[in-house]
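Trainee: The structure under discussion is supplied below as structure tokens; questions concerning it will follow.
Numbering (the working numbering), first residue to last: 40 to 797.
Next up, the structure:
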């Protein structure tokens with residue numbers, strides 16, 4: 040019937056181009072059981088007049104965005120975009136091979152560098168070694184004049200070893216420090232050569248970056264610490280700085296089919312098809328990096344539905360964040376683009392509307408969100424309390440934008456009239472929070488190389504209270520978020536430090552930290568809410584004065600003790616900044632202890648978007664993280680850490696707003712337990728680089744009963760529920776006096792079938 044219907048459409052020849060767009064955008068969806076689902080009944084349509092105009096229009100709009108993004112890549116200049124590496128390498132090679140061209144040392148060096156950045160370290164090594172005399176040891180040929188060549192050569196060997204081992208023989212332990220035996224390099228040449236060169240370089244010009252890379256290379260060969268000469272040795276893990284007793288989280292992305300290989304990007308972890316299972320959406324920074332949607336199939340793994348969801352050609356994007364902007368009950372996604380490219384980063388962002396039939400459409404233009412600025416961060420909140428979620432977009436050295444939701448699927452930019460005019464700093468993070476519990480969301484902005492900003496929301500108009508609130512540091516910052524770190528009912532603030540230059544590297548700072556040496560760079564800040572619209576810096580007393588170099592980050596409750604923990608995705612675009620991503624556990628709301636090494640979280644690939652969610656439905660939160668750098672050759676597979684469980688109790692709350700926005704973003708929760716403790720949460724997706732599930736997954740510790748649950752609906756009346764049983768999922772709709780019990784059964788992750796090659 041479907042085939043004959045399609046033939047009928049084609050034979051009659053009506054609006055055939057539009058019909059092809061419908062097919063290309065994935066309106067025919069094949070489920071895992073093999074049946075065909077059609078959002079439109081194409082089998083009986085005799086002409087496209089039977090297809091709603093809005094459907095045709097939104098698919099044409101999606102195709103328009105696909106064309107815009109393809110043209111941006113086609114016309115991108117390698118002079119302006121340093122991350123188009125293979126194209127740049129090809130251009131340089133052509134220039135060097137042109138007839139009658141004199142030897143150009145700088146161009147040749149840049150060619151070697153671009154080969155490495157493009158993912159061809161062996162070709163880079165071959166070119167570099169051709170510059171040296173093979174009759175003499177390399178170390179004897181090292182001079183101050185050619186030092187930079189050795190620096191690149193050592194890095195190429197280190198990267199080659201990583202590609203030939205961690206990628207080609209990828210397993211659940213690959214690249215996670217401290218390395219397990221199965222993660223040791225089977226092909227040792229890359230790391231062995233890197234060790235020889237880095238040791239010679241360190242002997243002539245000792246730096247903490249070189250010292251760390253020497254130790255790292257020994258680790259990959261299984262020779263650390265036993266075979267590392269004392270003058271190079273760094274004690275790692277340094278158990279003086281970490282908690283040694285903590286259960287290991289298993290990395291299960293391969294078996295679950297979400298070990299997506301790609302560059303840096305964002306992630307949204309939530310239920311996008313409303314079947315009660317957590318799905319995974321990811322972006323990829325590369326200008327041709329395909330966004331991907333993986334739907335939870337309910338059997339412990341995921342199905343890649345990117346094409347059938349209509350997302351093919353929706354590429355690029357360093358970050359993403361989700362919400363239900365039109366209150367139709369289906370979660371939509373906003374993708375940001377153009378980050379780090381300055382003037383060349385004038386790329387459009389994307390609003391991907393969830394059509395509720397398994398497909399998404401790019402409605403950026405028709406929704407009024409189309410603009411061309413370099414963007415890395417955005418955040419949703421109903422700032423004017425009209426029941427529709429609004430959007431703040433933080434741009435880099437361009438005007439930031441506040442888009443007010445009109446309630447009809449469109450937005451209007453209102454930053455000038457709402458008190459947010461002329462924000463043109465290099466914005467790296469934006470987060471909404473309620474600093475005074477008045478149900479009007481306030482706005483914090485993290486700035487790279489400038490004072491951070493806090494705007495108090497006065498009934499929909501903003502007042503700059505940055506200085507009086509005491510939250511302007513660190514001067515170099517990146518991800519940020521509001522949370523209640525000590526369960527006192529008031530939201531606190533975390534701001535990650537990020538001071539990066541040629542001297543202050545992530546590898547060098549981490550090396551110093553492990554050696555317990557002083558570190559003179561921008562530190563993160565933890566600010567406790569004083570309950571009077573001011574904050575107190577408690578970074579030191581909470582033991583968080585560490586150079587995290589966080590690019591991605593998010594928070595959740597690892598052990599279900601009721602206190603919020605956090606995970607940092609670390610690094611920089613530089614290839615030598617290979618340092619562990621880091622996990623910190625909240626100890627009773629009084630301090631943090633690092634559990635990176637013991638917990639198996641110390642992945643040394645570049646960390647970006649992070650999401651916490653109970654993916655396997657066992658009551659505790661798992662962690663999904665996007666790995667990969669910015670250069671084309673710095674790709675890696677994403678990871679999924681399975682929570683081993685801590686025998687603490689829990690509750691999962693699904694909230695549905697009525698006068699409040701549909702997914703209840705901004706709604707505050709107070710949970711009173713039978714042991715006298717209280718837990719506070721605010722509905723949202725968490726940090727500013729990675730988006731967690733909007734269902735509230737709350738650890739209760741050893742409590743045996745929820746005595747009282749108080750819901751402060753952002754736009755509605757406060758509701759109270761008493762005597763709620765633990766270890767279950769319930770749905771609460773605003774205004775209804777009874778809650779609904781939702782079936783919630785454990786679904787174990789599928790096991791990996793062996794090595795994963797990519």
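Here a beta-carbon is modelled for each residue, glycine too, at the ideal position from N, C-alpha and C.
These figures come from a predicted structure and were not determined experimentally.
Distance, Cα to Cα, residue 423 vs residue 665?
Mentor: Each residue's alpha carbon lies about 33 Å from the other.
Trainee: Let me confirm a value: residue 187 is counted as buried when at least 16 other C-beta atoms fall within 10 Å, else exposed. Which label applies?
Mentor: Exposed, since its Cβ has fewer than 16 Cβ neighbours within 10 Å.
Trainee: Closer than 8 Å is the cut-off here; do at least three beta carbon pairs connect the stretch 390 to 403 with the stretch 726 to 737?
Mentor: No: fewer than three Cβ pairs fall under 8 Å.
Trainee: By DSSP, does residue 717 sit in helix, in strand, or in coil?
Mentor: Three-state result, residue 717: strand.
Trainee: Leaving aside the five residues before and after residue 773 along the sequence, list all residues of the same chain whose C-beta is less than 7 Å from its C-beta, in chain order.
Mentor: Same-chain partners within the cutoff: 695, 696, 697, 698, 699, 752 and 755.
Trainee: Tell me the DSSP secondary structure of residue 561 in three-state form.
Mentor: Three-state result, residue 561: coil.
Trainee: Taking the straight line between their C-alpha atoms, what separation do you get for residue 149 and residue 386?
Mentor: Their Cα atoms are separated by approximately 27 Å.
Trainee: Between which two residues does the beta strand (DSSP E) containing residue 415 stretch?
Mentor: Run containing residue 415: 414 to 420, per the beta strand (DSSP E) assignment.
Trainee: Please state whether the Cβ-Cβ distance between residue 685 and residue 599 is less than 9 Å.
Mentor: Yes, the Cβ-Cβ distance between residue 685 and residue 599 is below 9 Å.
Trainee: On the DSSP bridge list, what partners appear for residue 611?
Mentor: DSSP output for residue 611 lists no bridge partner at all.
Trainee: Under DSSP, the alpha helix (DSSP H) around residue 189 begins and ends at which residues?
Mentor: Per DSSP, residue 189 belongs to the alpha helix (DSSP H) from 186 to 201.
Trainee: Return yes when at least one heavy atom of the ligand COA lies under 8 Å from the C-beta of residue 120, else no.
Mentor: As far as ligands go, the structure on display features none, and thus does not contain the ligand COA.
Trainee: For the alpha helix (DSSP H) holding residue 232, just list the boundary residues, first then last.
Mentor: Note, residue 232: alpha helix (DSSP H), 228 to 243.
Trainee: Using the Cα positions of residue 204 and residue 265, report the straight-line distance between them to the nearest angstrom.
Mentor: Between residue 204 and residue 265, the C-alpha separation is close to 22 Å.
Trainee: Across the stretch 266 to 284 and the stretch 223 to 232, are there enough close Cβ pairs to call them in contact, namely three or more that are closer than 8 Å?
Mentor: No, they do not touch.
Trainee: Do residue 466 and residue 485 count as a contact pair if the criterion is CB distance below 9 Å?
Mentor: Cβ distance < 9 Å, so residue 485 and residue 466 count as in contact.
Trainee: Straight-line CA distance for residue 2 to residue 642?
Mentor: The structure shown does not extend to residue 2, since the chain spans only 40 to 797, so no value can be given for it.
Trainee: Could you check how far apart the C-beta atoms of residue 645 and residue 672 are, in whole angstroms? I think they sit under 8 Å.
Mentor: At roughly 12 Å, the Cβ-Cβ gap does not stay under 8 Å, so residue 645 and residue 672 are not in contact.
Trainee: Between residue 154 and residue 487, what straight-line distance do the alpha-carbon atoms span, to the nearest angstrom?
Mentor: The straight-line gap from Cα to Cα measures roughly 30 Å.
Trainee: Give the C-beta separation of residue 378 and residue 357 to the nearest angstrom, bearing in mind that I take them to be a contact with Cβ-Cβ under 8 Å.
Mentor: About 4 Å separates the two Cβ atoms, so the contact holds.
Trainee: With distances taken between CB atoms, is the gap from residue 408 to residue 120 smaller than 9 Å?
Mentor: No, the pair does not count as a contact, with Cβ atoms beyond the cut-off.
Trainee: Using the Cβ count rule (16 or more neighbours within 10 Å means buried), how would you classify residue 762?
Mentor: With fewer than 16 other Cβ atoms within 10 Å, it is exposed.
Trainee: Please classify residue 172 as buried or exposed, where buried requires at least 16 neighbouring CB atoms within 10 angstroms.
Mentor: Classification of residue 172: exposed, given that the 10 Å Cβ count is below 16.
Trainee: In angstroms with no decimal places, state the Cα-to-Cα distance between residue 346 and residue 335.
Mentor: Each residue's Cα considered, the two are about 16 Å apart.
Trainee: Where does residue 124 land, buried or exposed, given buried means 16+ other C-beta within 10 angstroms?
Mentor: By the neighbour-count rule (16 or more Cβ atoms within 10 Å), residue 124 is buried.
Trainee: Along the alpha helix (DSSP H) that carries residue 119, what are the first and last residues, could you check?
Mentor: Looking at the DSSP string, residue 119 is not in any alpha helix (DSSP H), and its letter there is neither H nor E.
Trainee: With 16 as the cutoff for other CB atoms within 10 Å, does residue 551 come out buried or exposed?
Mentor: It counts as buried.
Trainee: Which one of 161, 273 and 655 has the shortest CA to CA distance from residue 308?
Mentor: Comparing Cα-Cα distances from residue 308 to each of 161, 273 and 655, the minimum goes to 655.
Trainee: Would you mind sorting residue 777 into buried or exposed? The rule is 16 or more other CB atoms within 10 Å of its CB.
Mentor: Flag for residue 777 reads exposed.
Trainee: Given a cut-off of 9 Å, decide if residue 315 and residue 788 are closer than it, judged by their beta-carbon atoms.
Mentor: In this structure, residue 315 does not lie closer than 9 Å to residue 788 by Cβ.
Trainee: What is the C-beta distance between residue 472 and residue 573, in whole angstroms, given that I count them as a contact (C-beta under 8 Å)?
Mentor: The Cβ separation is near 14 Å, so there is no contact.
Trainee: Measuring CB to CB, does residue 742 end up less than 9 Å from residue 780?
Mentor: It is not a contact, given that the beta carbons lie outside the stated cut-off.
Trainee: Measure the CB-CB distance between residue 291 and residue 679 and report whether it falls below 9 Å.
Mentor: Closer than 9 Å, so yes.
Trainee: Contact check, residue 499 vs residue 469 under 8 Å by CB: the rounded distance?
Mentor: About 18 Å separates the two Cβ atoms, so there is no contact after all.
Trainee: Starting from residue 354, follow its DSSP beta bridges and name the residues at the other end.
Mentor: Per DSSP, 329.
Trainee: Let's test the definition: count the other Cβ atoms within 10 Å of the Cβ of residue 185 and tell me whether it reaches 16, buried, or not, exposed.
Mentor: So residue 185 ends up on the exposed side.
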